[in-house]
Amino acid sequence: ALVDPWLPADAPPVVAPAPQAPVIAAPAPGTRRRSVAAARGATRNDVPPVTFRFAVGDVMRISIWDDESQTGTIDLEQRVLRDGTVTPIWLEPVRVAGLSIQEVRDLLVDRYLLYYEPPIRITIAVVSVHAERAFVLGEVGAPTAIELTGPTTALQALAQAGSAIPGVGDLERVKLIRNCEGCGSAPRVYTLNLSRTLVGRGRTVTLQPGDVLYVPTRGVINWTRDLGAVLAPLGNLLGSVGSAATTYLAIDEAGNNNGN
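The working numbering numbers the first residue of the sequence shown as 526 and each following residue consecutively.
Shown next, in the form of structure tokens:
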């Protein structure tokens, strides 16, 4: 009971009403079990699973079965080319970059209806995954390899590597080392003024697979000696760019290179 001090002493006590329970309709048969299972699943894993999608350089195995006994008539490996296609036997190039395993299978089943009576039994397996990379080295927060999953500018790659170390990295003389077809063993070396690019006055450069972006130390003129020391232990990681650049820079210690 509640007592109000402003009421007369002989007034009857005020009784608070009992709380009313909400009326909840009974669920339809079978729905509770599904909803509980869904809630438990959401608790265990709130993040949806990542779907693998093929990209340039990935290798897939395509198997086609000719009967229910699972006797394979075709079993071949295909690498996804730069244009995002593979060329299975008897077919024109098929674009698979960006597609999931199931989407590739469905696409090939549709194409092979020209040669097989339904149902067509096709399986797709991932043999290897190739990630095209560029490298950001030198006076940056976290020297690293950058996955080129799409068009990536030099500034974007620099940001992924933690940007230049303040007061140490020289953004006005960033070196871009790039393989050059027809140039022999020596790559091309370009100088980028990313300080101007940051304020919208410099050119925007999009990186290519295998590019090396090197941020030299501020005030160091002979940057080639420092870069040669950085690249030398990374030859296996960098591949042809690393070995070619190391050789090139060892010869050109004076800094008389293309782009300086």
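We put the beta carbon where it would ideally sit given N, CA and C, even for glycine.
The structure displayed is predicted, hence computed values, not measured ones.
Spatial neighbours of Ala564 in its chain, beta-carbon cut-off 7 Å, leaving aside the 5 residues before and after: Reading the sequence shown from its first residue, position 39 is the one you call residue 564. In this prediction, Ala564 has a pLDDT of 35, which is less than 50 and means its spatial position is unreliable; what the coordinates show is noted afterwards. The answer is none, since no qualifying residue turns up.
Three-pair Cβ contact test at 8 Å for the segment 582-591 versus the segment 650-670: yes
Residues that Ile589 bridges to, as DSSP identifies them: Sequence index remark: in the sequence shown, residue 589 carries index 64 (1-based). Looking at the DSSP assignment, Ile589 forms a beta bridge with Ile599, Ile647.
Nearest residue (CA-CA) to Arg703, options Ala684, Val693, Thr729, Gln733: Stepping through the sequence shown from its first residue, residue 703 is reached at position 178. Selected option, being the one with the closest Cα: Gln733.
Integer Cβ distance of Ile645 from Leu639, believed to fall under 8 Å: Within the sequence shown, the letter at position 120 stands for residue 645. Within the sequence shown, the letter at position 114 stands for residue 639. Contact doesn't hold; Cβ gap of about 11 Å is too wide.
Where Val699 falls: helix, strand or coil (DSSP): Along the sequence shown, read from residue 1 onward, the residue named residue 699 stands at position 174. Of the three classes helix, strand and coil, the one that applies to Val699 here is strand, per DSSP.
For Leu680, the three-state DSSP class (helix, strand or coil): As a position in the sequence shown, residue 680 is number 155, starting the count at 1. Correct three-state label for Leu680: helix.
Nearest to His618 (by Cα), restricted to the options Leu632, Ser625, Ile626: On the sequence shown, residue 618 is found 93 positions in, with the first residue counted as 1. Per the sequence shown, residue 618 should be read as Pro rather than His. Answer by Cα proximity: Leu632.
Residues near Thr648 by beta carbon distance below 6 Å, same chain, minus five either side: Residue numbering aside, residue 648 sits at position 123 when the sequence shown is read from its first letter. Around Thr648: Ser588.
Boundaries (first-last residue) of the alpha helix (DSSP H) holding Glu628: One-based indexing of the sequence shown puts residue 628 at position 103. Taken as a continuous stretch (DSSP letters only), the alpha helix (DSSP H) holding Glu628 covers 626-637.
Of the listed residues Gln685, Leu601, Leu616, nearest to Phe660 (C-alpha basis): Taking the sequence shown and counting its residues from 1, one reaches residue 660 at position 135. Per the Cα distances, Gln685.
CB contact flag (Leu616, Arg578, <8 Å): Along the sequence shown, one-based indexing puts residue 616 at 91. Along the sequence shown, one-based indexing puts residue 578 at 53. Result no, Cβ atoms of Leu616 and Arg578 do not sit closer than 8 Å.
Three-state secondary structure (DSSP) of Arg728: For the purposes of this step, residue 728 is taken as the residue at position 203 of the sequence shown. Here Arg728 sits in coil by DSSP.
Range of the contiguous beta strand (DSSP E) that encloses Arg578: Walking along the sequence shown from the start, residue 578 turns up at place 53. Looking at the DSSP string, Arg578 is not in any beta strand (DSSP E), and its letter there is neither H nor E.
Straight-line Cα distance separating Val611 from Val621: As a position in the sequence shown, residue 621 is number 96, starting the count at 1. As a position in the sequence shown, residue 611 is number 86, starting the count at 1. One C-alpha to the other measures close to 7 Å.
Identity of the residues DSSP links to Ser653 by a beta bridge: The sequence position of residue 653 within the sequence shown is 128, counting from 1. DSSP, once it has assigned bridges, lists Val584 as partnering Ser653.
Where the alpha helix (DSSP H) through Leu723 begins and ends: Taking the sequence shown and counting its residues from 1, one reaches residue 723 at position 198. Note, Leu723: alpha helix (DSSP H), 719-723.
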